[in-house]
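Reviewing the structure listed below.
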Amino acid sequence: MKLVLVTIAFCLGFPFLSLVSQSSETKLNVLDRKAYEFSIQKTPNKELINLEKKIPGILLDIKYATPDNFTKQIIYKEAKAYARKPVAEALGEAQKEFSKLGYSIKIFDAYRPYAATVKFFEIIGDTRYVASPKTGSRHNKGCAIDLSLVDLKTKQTIPMPTEYDSFRKEAWAEAPVSDPEILKNRTLLISILAKYGFRVNKTEWWHYDFSGCSGFEVLDIPFEDLE
Ligand SMILES: [Zn+2]
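Under this note's numbering, the residue at position 79 of the sequence shown is numbered 121, and the numbers go up by one with no gaps.
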């Protein structure tokens, strides 16, 4: 049947051929704004929440809205942080606990539109460091957060094993750390977030996947279309 269709496509010309090739591949289900709005009518838990508005005191340092990131390019037009509703709620609980200890969460990246993942792959082209556009990233689902902690007294980011988005081995969540203060900071971050359902990424001390995210789709909606 496929052969017949392809043969017909060749006879009829290019537009029909492209239709055939699209339907014969398994495509990643990427929701645009309309499809997303439909999905949250059915499942309100899927709503993307503005973390700055939802979580008191939370700080943003959205690196992809600046050239200060591994691509050296501005990827986002706006410095915003969104996550799905259950993720935002759990992060809010973690923030309460951190603030009692004298810290605040500082977010480097949260929900990431799928177009940005495609761009990262065009620039780096290596799935050891960036997500494949074939699968998308948990960030694209609004289910992953990149973050660190700020000391509320000094207003400074507390020392961690590496800078954000470092490709070095020291960035691994269980990499040996000789400085006791840095080890204490990393342990605090990982252990408190784990209590609220966030699992640290093996190769990135700053990246946390939320556990309650099954069935959430990859989204491709720029921040400016979310307000
Ligand atoms: Zn991440």
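Cβ atoms here follow ideal geometry from the backbone N, Cα and C, with glycine treated the same way.
This one's a predicted model, so the numbers in the text were calculated from it and none came from an experiment.
When the Cβ atoms of the region 175 to 186 are set against those of the region 150 to 158, are three or more pairs found closer than 8 Å? yes
Any heavy atom of ligand 3 inside 7 Å of the beta-carbon of A186? Looking for ligand 3 in the displayed structure turns up nothing; the ligands present are ligand 1.
Is L90 buried or exposed, if buried means 16 or more other CB atoms sit within 10 Å of its CB? buried
Could you check the C-alpha separation between L194 and Y78 for me, to the nearest Å? 37 Å
Cα-Cα separation between T108 and L73, rounded to whole angstroms: 26 Å
Could you check whether L235 and Y250 sit closer than 8 Å to each other, using their CB atoms as the reference points? yes
From F265 to E139, what distance separates their C-alpha atoms? 28 Å
Return helix, strand or coil for S63, following the three-state DSSP convention. Unreliable positioning characterises S63 in this predicted model, as indicated by a pLDDT of 41, which lies under 50. The coordinate reading is nonetheless provided below. Helix at S63.
Can you tell me the Cα-Cα spacing of R126 and L93, whole angstroms? 10 Å
So which of L261, G254, N243 and E269 has the shortest CA-CA distance to V160? L261
Measuring only the C-alpha atoms, how far is K142 from K148? 15 Å
Could one say the Cβ of S190 lies closer than 8 Å to chain B's Cβ atoms, at least one of them? Annotation note: the requested chain B is absent from the structure, which comprises a single protein chain.
Quick check on DSSP: helix, strand or coil for S174? coil
Can you tell me the Cα-Cα spacing of S253 and Y238, whole angstroms? 9 Å
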